[in-house]
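>
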Amino acid sequence: MITVQINTPNSNQTASFEQATLSNRLKGSFPNLRNLLPTPSKPHKFQAVLPPIDLKIIIYCSIWYTFSAISSNIAKDILREFPHPTTFTELQFLISTVFCISTLFIINNNRSIIDKFPLGTFPTKDQFKLQHSTWNLIQPTEKIIKTTFAMGIFQFIGHITSHKATHIIPVSLVHSVKALSPLTTVFVYRALFNVNYPIVTYFTLLPLITGVILTCFSNKSSKSNVDFNKGLTYAFISMIIFVSQNIFAKNILTITPKSLPTINKQQEGKPQEDDAKIDKITILLYCSIIGFILTLPIYLISEYSNPIFTLFELNPSIMFKLFLHGSSHFCQAMLAFHLLGLISPVNYSIANILKRIVVIAMAIVWEGQSVNKFQGMGLLLTLVGLYSYDRWGIQKKK
Numbered sequence: 001m002i003t004v005q006i007n008t009p010n011s012n013q014t015a016s017f018e019q020a021t022l023s024n025r026l027k028g029s030f031p032n033l034r035n036l037l038p039t040p041s042k043p044h045k046f047q048a049v050l051p052p053i054d055l056k057i058i059i060y061c062s063i064w065y066t067f068s069a070i071s072s073n074i075a076k077d078i079l080r081e082f083p084h085p086t087t088f089t090e091l092q093f094l095i096s097t098v099f100c101i102s103t104l105f106i107i108n109n110n111r112s113i114i115d116k117f118p119l120g121t122f123p124t125k126d127q128f129k130l131q132h133s134t135w136n137l138i139q140p141t142e143k144i145i146k147t148t149f150a151m152g153i154f155q156f157i158g159h160i161t162s163h164k165a166t167h168i169i170p171v172s173l174v175h176s177v178k179a180l181s182p183l184t185t186v187f188v189y190r191a192l193f194n195v196n197y198p199i200v201t202y203f204t205l206l207p208l209i210t211g212v213i214l215t216c217f218s219n220k221s222s223k224s225n226v227d228f229n230k231g232l233t234y235a236f237i238s239m240i241i242f243v244s245q246n247i248f249a250k251n252i253l254t255i256t257p258k259s260l261p262t263i264n265k266q267q268e269g270k271p272q273e274d275d276a277k278i279d280k281i282t283i284l285l286y287c288s289i290i291g292f293i294l295t296l297p298i299y300l301i302s303e304y305s306n307p308i309f310t311l312f313e314l315n316p317s318i319m320f321k322l323f324l325h326g327s328s329h330f331c332q333a334m335l336a337f338h339l340l341g342l343i344s345p346v347n348y349s350i351a352n353i354l355k356r357i358v359v360i361a362m363a364i365v366w367e368g369q370s371v372n373k374f375q376g377m378g379l380l381l382t383l384v385g386l387y388s389y390d391r392w393g394i395q396k397k398k
């Protein structure tokens, strides 16, 4: 008996055979669809062009820009109706002090608010518990005075010169001059701290300089030469003062001191005696108090020389604008301090120059100015310089 064995394929083998046959038939009739789809593993071609994006920083900067634009343009409106920059500066410091103390009082009665803000914005819950009252919490200490006295001087000079510049020349021009802050930052770090930058850094600063020059000359016809030059001088001094403050404050507000270019490498392994950072609102409070005290003699001298006591010229409209300016300035100052603790001084200068561009654009719209071709070209060159500086100018710092 002869047995014939027939091998019948199982279901899995049949399925595999059918899939292979179908694939061979389709291969000649249709293109390879895989080649038509983008490869996920390949980086998108725009990633090499677009700057790094941090959503949290973008949100903080957007809010900061909004408050800064409101504060700057309202300041111009106030100085039109109330042409006393020194009195305005003194009132600004006073309003900022009231806002700081009021905020601490509210938080002391509802300490859960602390958890809704980044660490270091306010005193910790333990500090509130230890001090019990708001007054005990804000009492000056040797560390607070040493930390904030120099910053208070920066605030005093910076705000007076900024308000005098705003009183004389347009807001857009004031902030165009202040757009030179990255240039000043680079030269200060190079000259004082011996930080070396690649040659491309200096080339990327050229569009910034050219853009600011074009913007300045496009506004020159709006004022006499004397007033115009005086306003530019005040704006330039204000820019230098605030750049100096930012460099100084970075050493106070940065959470990781090793990231600072001015850190002494020999001290990296040495334990710090007092690493605790003072919270942002306490710094702002004492900067405002010190600024108020330093401005007071100049204010009294100016009042003595004025025929009318300037505070008598205040009306409800000006007082409302002062409150609005004070609240927006307080919010943008807190955001500025917080950003200084998150990013490097040069990156902060970049964020700051972007803020200038937003404020300039808002000022042009606010004041109904017509943008001539030189001013438009200047703003465009400033944007190009900013982008170039961000992408290539601050890399590979030595």
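The C-terminal position of the sequence shown is numbered 398 in full-length UniProt numbering, with every residue numbered one higher than the one before it.
Every residue gets a Cβ at the ideal spot worked out from N, C-alpha and C, and that includes glycine.
These numbers were taken from a predicted model, which means no experiment stands behind them.
Return the residue from the list H163, K373, C331 and Q245 that minimises the CA-CA distance to E90.
Closest option to E90, Cα to Cα, is H163.
> Which one of S172, L192 and V188 has the shortest CA to CA distance from L214?
For L214, the nearest C-alpha among the options comes from S172.
> With a threshold of 16 other CB atoms inside 10 Å of the CB of K355, please say whether the residue is buried or exposed.
K355 should be labelled buried.
> Applying the criterion that 16 or more other CB atoms from any shown protein chain within 10 Å of the CB defines a buried residue, is W64 buried or exposed?
When all chains shown are included, W64 counts as buried.
> Less than 8 Å separating the beta-carbons of L208 and L386?
Closer than 8 Å, so yes.
> Taking C-alpha atoms, which residue in E303, I74 and F337 lies nearest to T282?
Residue F337 is the option with its Cα nearest to T282.
> If distances are taken between C-alpha atoms only, which option among Y286, S133, I318 and I168 comes closest to V98?
Closest option to V98, Cα to Cα, is Y286.
> Could you name the residues of the same chain whose beta carbon sits closer than 6 Å to that of C331, not counting the 5 residues immediately before and after it, in chain order?
Closer than 6 Å at Cβ, skipping near neighbours: F67.
> Note down, in chain order, each residue of its chain lying with its Cβ closer than 7 Å to the Cβ of Y348, except the 5 sequence neighbours on either side.
Excluding sequence neighbours, Y348 sits near N246, L339 and L340.
> Can at least three beta-carbon pairs, one atom from the region 293 to 311 and one from the region 100 to 110, be found at a separation below 8 Å?
With the cut-off at 8 Å, the region 293 to 311 and the region 100 to 110 do not touch.
> Is the region 233 to 241 touching the region 168 to 188 in the sense that three or more CB pairs, one from each, lie closer than 8 Å?
Yes, since at least three Cβ pairs between the region 168 to 188 and the region 233 to 241 fall closer than 8 Å, the two stretches touch.
> Three or more C-beta pairs closer than 8 Å, one from the region 152 to 169 and one from the region 71 to 90: is that the case here?
Yes, the region 152 to 169 touches the region 71 to 90.
> Flag this pair as yes or no: are the beta carbons of S388 and T204 separated by less than 8 Å?
It is a contact, given that the beta carbons lie within the stated cut-off.
> Skipping 5 residues on each side, what residues in its chain have a beta carbon closer than 6 Å to that of Q92?
So no residue of the chain qualifies.
> Spatial neighbours of H84 within its chain, please: C-beta separation below 6 Å, excluding the five flanking residues on both sides.
Once the five neighbours on either side are set aside, the close Cβ partners of H84 are T310.
> Which word fits F156, buried or exposed, when buried means at least 16 other C-beta atoms lie within 10 angstroms of its C-beta?
Under this definition F156 is a buried residue.
> Please go through the same chain and pick out, in chain order, the residues whose beta-carbon is closer than 8 Å to the beta-carbon of F248, but skip the five residues on each side of it.
Hits under 8 Å: A150, M151 and F154.
> Inspect the beta-carbon positions of I138 and F122 and report whether they are closer than 8 Å.
Their beta carbons are not under 8 Å apart, which means I138 does not touch F122 by this criterion.
> Among I58, C61 and F88, which one has its Cα closest to the Cα of I318?
Of the candidates I58, C61 and F88, the one whose C-alpha sits nearest the C-alpha of I318 is F88.
> Between the Cα of N73 and those of K56, P316, M362 and S370, spot the shortest distance and give me the residue it belongs to.
Of K56, P316, M362 and S370, the residue nearest in Cα terms is M362.
> Give me the Cα-Cα distance between F105 and N315, rounded to the nearest whole angstrom.
Straight-line Cα distance between these residues: approximately 29 Å.
> If you draw a straight line from the C-alpha of L383 to the C-alpha of R391, how long is it?
Their backbone Cα atoms lie some 12 Å apart in a straight line.
> Which residue wins for smallest C-alpha separation from A333, given the options S62, L284 and T185?
A333 has its Cα closest to that of L284, out of S62, L284 and T185.
> Measure the alpha-carbon distance for V174 versus S71 and round it to whole angstroms.
Their Cα atoms are separated by approximately 14 Å.
> I need the DSSP call for I199, collapsed to helix, strand or coil.
Note: I199 maps to helix in three-state DSSP.
> N306 to H325, Cα distance in whole Å?
Taking the straight line joining both Cα atoms gives about 25 Å.
> By Cβ distance below 7 Å, which residues in the same chain neighbour V371 in space, the five residues on each side in sequence not counted?
The residues are I364.
> May I ask you to report which of helix, strand or coil DSSP gives Q139?
Note: Q139 maps to coil in three-state DSSP.
> Taking V200 as the reference, which of L183, V212, L192 and A191 has the closest Cα?
Residue L183 is the option with its Cα nearest to V200.
> Count the other C-beta atoms from every protein chain shown that fall within 10 angstroms of the C-beta of L26, then say buried if there are 16 or more, exposed otherwise.
Its pLDDT being 45, under 50, L26 is placed unreliably in this model, and the value from its coordinates should be taken loosely. So L26 counts as exposed.
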